[in-house]
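Numbering (my numbering), first residue to last: 7 to 175.
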């Protein structure tokens with residue numbers, strides 16, 4: 007079945023962008039059916055790209071920016087900043103305290119510093135926007151495909167827990 011002209015242009019840009027990139031077997035990084043799927047239905051963000059059959063989280067993390075730019079769906083720093091607004095000092099909410107505690111516990115389990123789990127800015131953005139699903143979570147600056155794969159389910163559980171009324175805090 008022939009491609010729509012816009013999809014054909016996206017496919018050509020994608021092939022040009024990935025031409026210098028070789029997969030582990032020496033051939034093209036993505037196979038022809040995957041390239042076509044991406045051109046026909048470009049993913050909105052890196053999280054969705056990682057879920058496309060034939061791409062996966064490793065390719066999305068390493069080459070996602072190049073792929074999304076070629077498809078015309080790259081979320082750059084300006085868009086990422088608008089997701090959470092400008093950095094600002096504010097009173098930590100109960101949710102932010104829970105996220106910090108989760109990060110500290112996770113870092114302790116991994117024998118890593120807390121910032122290696124998620125940055126403070128990412129935690130603030132999570133508390134501010136309270137994403138309710140994986141697609142919204144993938145738009146949070148600092149949450150790439152690897153972090154989504156590792157901690158997405160836990161974060162969504164934490165974000166979905168109701169806050170206690172102020173009188174009970």
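For glycine and all other residues, C-beta sits at the position ideal for the given N, C-alpha and C.
{"Check": "Range covered by the alpha helix (DSSP H) that runs through residue 34", "Outcome": "Looking at the DSSP string, residue 34 is not in any alpha helix (DSSP H), and its letter there is neither H nor E."}
{"Check": "Assigned secondary structure, residue 188 (DSSP; H/G/I helix, E/B strand, else coil)", "Outcome": "In this structure the chain extends from 7 to 175, so residue 188 is not present and cannot be described."}
{"Check": "Span separating the alpha-carbon of residue 106 from that of residue 159", "Outcome": "16 angstroms"}
{"Check": "Beta-carbon spacing of residue 52, residue 78 below 8 angstroms", "Outcome": "no"}
{"Check": "Simplified DSSP state of residue 123, which is helix, strand or coil", "Outcome": "helix"}
{"Check": "Contacting residues, own chain, Cβ-Cβ under 8 angstroms from residue 28 (five flanking each side not counted)", "Outcome": "34, 35"}
{"Check": "Residue environment, residue 116, which counts as buried when at least 16 other CB atoms sit within 10 Å", "Outcome": "exposed"}
{"Check": "7 angstroms CB neighbourhood of residue 150 in its chain, flanking five on each side removed", "Outcome": "52, 67"}
{"Check": "Rounded separation between residue 56 and residue 100 - CA only", "Outcome": "31 angstroms"}
{"Check": "As assigned by DSSP and simplified to three states, the class of residue 73", "Outcome": "helix"}
{"Check": "Beta-carbon spacing of residue 9, residue 45 below 8 angstroms", "Outcome": "yes"}
{"Check": "For residue 167, three-class secondary structure by DSSP", "Outcome": "coil"}
{"Check": "Residue from 17, 124, 133, 164 with nearest C-alpha to residue 74", "Outcome": "17"}
{"Check": "8 angstroms Cβ cutoff met for residue 124 and residue 153", "Outcome": "yes"}
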